[in-house]
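S.K.: Numbering (this note's numbering), first residue to last: 144 to 506.
As structure tokens, then:
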């Protein structure tokens, strides 16, 4: 059986997205179909549309999603029909060298569905991050489905699928923020604010938010920033040192991915501090630092893959904390929209007018 649903498609580089009929096949071995309830509009989807990730057009966009499993293929035992899930784009294989050494969060051979969803004329679609969830149904590998408490609304829970998990994990997992430590987060969009929320949850007592827009800095305070710095008006490195007794922070997180921002994060940390890059850089940019500074400051420089998360561990934990009122997922949701509104949501995202627009599939 083939299912017909509506989905948001990017047909060519830079062209406005279109809502089209998508054909979703029955799940094969190891696969599952998820009826999508809500899906966040992430900057990664815009990067796909702009051709900044690959040129495998047409793309079925959307990946920050929650919904209900409606069908499973042969051999699937980890999820069942009726399970409420958040989708993830790193379904671990269990067999690669990272998995076998007990570090599945670094899995080097993650799974996606083997079959392709298509347009009505048979053209194969490339699903964004192996998910493609701006659609009524999507086909994924069963390992991409993470069961969570159904008490969490899909509009909030789905955001764990990418940006919120990346930011929170950059602080809690990659940066390993500890109680009483100081943290600076550069860039206060969805990922940066999630890093701030994660740092607060981990027990950081000084959390400095850095951005060039006062509106975003105000958002950052809502997520737990204790201090803010507008880097258009003030040197952020000097400001951060002034707030930390002249030393710098224990953990500096670059949620932008720009060489200048990374350099600021590098110099804003204390000796033996940790620098974390979670913002995605453009493929052609380079970072240059004096080798003696890299050596002399000690500590660690880390990149953060998906917040170094293990979805089966981290998604349910963060949902439970959300339901306890300790992790503010609802605060990331700026507006609920329909499939027809995704192109406008991209414009809002570029202008920094909303943390997350969320597509609700019954709209």
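Note that beta-carbon positions come from the ideal geometry of N, C-alpha and C, so glycine has one too.
Everything numeric in this text was worked out from a predicted model, so none of it was measured.
1) Can you have a look at residue 358 and say buried or exposed, based on whether 16 or more other CB atoms are within 10 angstroms of its CB?
2) If you draw a straight line from the C-alpha of residue 221 to the C-alpha of residue 285, how long is it?
3) Whole angstroms are fine: how far does the CA of residue 406 sit from the CA of residue 441?
4) On a CA-only basis, which of 414, 429 and 463 is nearest residue 439? Give me that one, please.
5) If you follow the alpha helix (DSSP H) that residue 258 is in, where does it begin and where does it stop?
6) So, is residue 348 buried or exposed, given that buried needs 16 or more other C-beta atoms within 10 angstroms?
7) Taking residue 479 as the reference, which of 486, 468 and 500 has the closest Cα?
8) Measure the Cβ-Cβ separation of residue 363 and residue 336 and say whether it is below 7 Å.
9) Kindly indicate the opening and closing residues of the alpha helix (DSSP H) around residue 311.
10) If you pair each beta-carbon of the region 306-326 with each one of the region 163-182, do three or more pairs fall below 8 Å?
11) Taking C-beta to C-beta, are residue 301 and residue 498 nearer than 7 Å?
12) If you scan the region 273-360 from start to end, which runs of the alpha helix (DSSP H) of 4 or more residues do you find wholly inside it?
13) Of all the options 168, 195 and 147, which has the alpha carbon lying nearest to the alpha carbon of residue 153?
14) Provide the residue(s) that pair with residue 500 in DSSP beta bridges, ordered along the chain.
15) Buried or exposed: residue 482, going by 16 or more other Cβ atoms within 10 Å of its Cβ?
16) Can you tell me whether residue 274 is buried or exposed? The criterion is at least 16 other CB atoms within 10 Å of its CB, across all chains shown.
17) Select from 495, 321, 185 and 205 the residue whose C-alpha is nearest the C-alpha of residue 346.
18) So if DSSP puts residue 409 in a beta bridge, which residue, or which two residues, is it bridged to?
19) Might you give, ordered along the chain, the residues of its own chain that have their beta carbon closer than 6 Å to the beta carbon of residue 374, omitting 5 neighbours on each side?
20) Name, in chain order, the residues that DSSP records as bridge partners for residue 417.
21) By the three-class DSSP mapping on this structure, what secondary structure does residue 464 have?
22) Take residue 295 and list the residues in its own chain whose beta-carbon comes closer than 7 Å to its own, dropping the five residues that flank it on each side.
23) Pairing CB atoms from the region 421-432 with CB atoms from the region 241-254, are three or more of them under 8 Å?
24) Quick one: complete beta strand (DSSP E) runs, 3+ long, within the region 173-200?
25) Do you know how far the Cα of residue 385 is from the Cα of residue 235?
26) Work out the CA separation of residue 368 and residue 272 for me, nearest whole Å.
27) Expressed to the nearest angstrom, what Euclidean distance is found between the alpha-carbon atoms of residue 189 and residue 486?
28) Taking Cβ to Cβ, would you say residue 396 is nearer than 7 Å to residue 313?
29) Comparing alpha-carbon positions, which option in 455, 503, 434 and 476 lies nearest residue 230?
30) In the DSSP assignment, what are the bridge partners of residue 377?
31) Return the chain-ordered list of same chain residues with a C-beta closer than 7 Å to the C-beta of residue 471, the five sequence neighbours on each side being excluded.
32) Where residue 409 and residue 379 are concerned, what is the direct C-alpha to C-alpha distance, given to the nearest angstrom?
33) Determine the direct distance from the alpha carbon of residue 493 to that of residue 401, and round the result to whole angstroms.
34) Tell me whether residue 155 sits in a helix, a strand or coil according to DSSP, three-state version.
35) Please look up how many angstroms separate the CB atoms of residue 291 and residue 459, rounded, as I've assumed it's under 8 Å.
M.R.: To lay it out plainly:
1) For the purposes of this step, residue 358 is taken as the residue at position 215 of the chain shown. So residue 358 ends up on the exposed side.
2) Walking along the chain shown from the start, residue 221 turns up at place 78. Walking along the chain shown from the start, residue 285 turns up at place 142. Near 7 Å, if we compare the C-alpha coordinates of residue 285 and residue 221.
3) Taking the chain shown and counting its residues from 1, one reaches residue 441 at position 298. Taking the chain shown and counting its residues from 1, one reaches residue 406 at position 263. Each residue's alpha carbon lies about 15 Å from the other.
4) Indexing the chain shown from 1 puts residue 439 at position 296. If we check each option's Cα against that of residue 439, 414 comes out closest.
5) Locating residue 258 in the chain shown gives position 115, where the first residue counts as 1. Careful: residue 258 lies outside any alpha helix (DSSP H) and carries neither H nor E.
6) On the chain shown, position 205 is the one that residue 348 refers to. The residue is exposed, with fewer than 16 neighbouring Cβ atoms inside 10 Å.
7) For the purposes of this step, residue 479 is taken as the residue at position 336 of the chain shown. Here the closest residue by C-alpha is 500.
8) The residue given as residue 363 occupies position 220 in the chain shown. The residue given as residue 336 occupies position 193 in the chain shown. Against a cut-off of 7 Å, the Cβ pair of residue 336 and residue 363 comes out as a contact.
9) Along the chain shown, one-based indexing puts residue 311 at 168. Residues 306-312.
10) no
11) Within the chain shown, the letter at position 158 stands for residue 301. Within the chain shown, the letter at position 355 stands for residue 498. Their beta carbons are not under 7 Å apart, which means residue 301 does not touch residue 498 by this criterion.
12) 297-300, 306-312 and 333-345
13) To locate residue 153, count along the chain shown from 1; it is residue 10. For residue 153, the nearest C-alpha among the options comes from 195.
14) Position 357 of the chain shown, counted from the first residue, corresponds to residue 500. Bridge partners of residue 500: 478.
15) Indexing the chain shown from 1 puts residue 482 at position 339. So residue 482 ends up on the buried side.
16) Counting from 1 along the chain shown, the entry for residue 274 is found at position 131. Classification for residue 274: buried.
17) Against the chain shown, residue 346 aligns to sequence position 203. Ranking the options by Cα distance to residue 346, first place goes to 321.
18) Your numbering for residue 409 matches position 266 in the chain shown. BP columns for residue 409 are empty, so no partner.
19) The sequence position of residue 374 within the chain shown is 231, counting from 1. So the list reads 353 and 355, once near-sequence residues are dropped.
20) One-based indexing of the chain shown puts residue 417 at position 274. 394 and 443.
21) As a first step, residue 464 is located in the chain shown; it is residue number 321 there, counting from the start. In this structure, residue 464 counts as helix in the three-state DSSP scheme.
22) Your numbering for residue 295 matches position 152 in the chain shown. Around residue 295: 462, 465 and 466.
23) no
24) 174-183
25) In the chain shown, residue 235 corresponds to position 92, counting from 1. In the chain shown, residue 385 corresponds to position 242, counting from 1. Those two C-alpha atoms are separated by around 43 Å.
26) As a position in the chain shown, residue 272 is number 129, starting the count at 1. As a position in the chain shown, residue 368 is number 225, starting the count at 1. About 31 Å.
27) Counted from its first residue, the chain shown places residue 189 at position 46. Counted from its first residue, the chain shown places residue 486 at position 343. Using only the alpha carbons, I get a separation of about 9 Å.
28) Walking along the chain shown from the start, residue 396 turns up at place 253. Walking along the chain shown from the start, residue 313 turns up at place 170. Against a cut-off of 7 Å, the Cβ pair of residue 313 and residue 396 comes out as a contact.
29) Residue 230 sits at position 87 when you count from the first residue of the chain shown. It is 455 whose Cα lies nearest to the Cα of residue 230.
30) The sequence position of residue 377 within the chain shown is 234, counting from 1. DSSP lists no partner for residue 377.
31) Your numbering for residue 471 matches position 328 in the chain shown. If we look at residue 471 and ignore the five residues flanking it on each side, its Cβ neighbours are 340 and 366.
32) As a first step, residue 409 is located in the chain shown; it is residue number 266 there, counting from the start. As a first step, residue 379 is located in the chain shown; it is residue number 236 there, counting from the start. Roughly 11 Å between the two C-alpha positions.
33) By 1-based counting over the chain shown, the position of residue 401 is 258. By 1-based counting over the chain shown, the position of residue 493 is 350. Between residue 401 and residue 493, the C-alpha separation is close to 16 Å.
34) As a working mapping, residue 155 is identified with position 12 in the chain shown. It is coil, neither helix nor strand.
35) As a working mapping, residue 291 is identified with position 148 in the chain shown. As a working mapping, residue 459 is identified with position 316 in the chain shown. Indeed they touch by this definition, with Cβ atoms about 5 Å apart.
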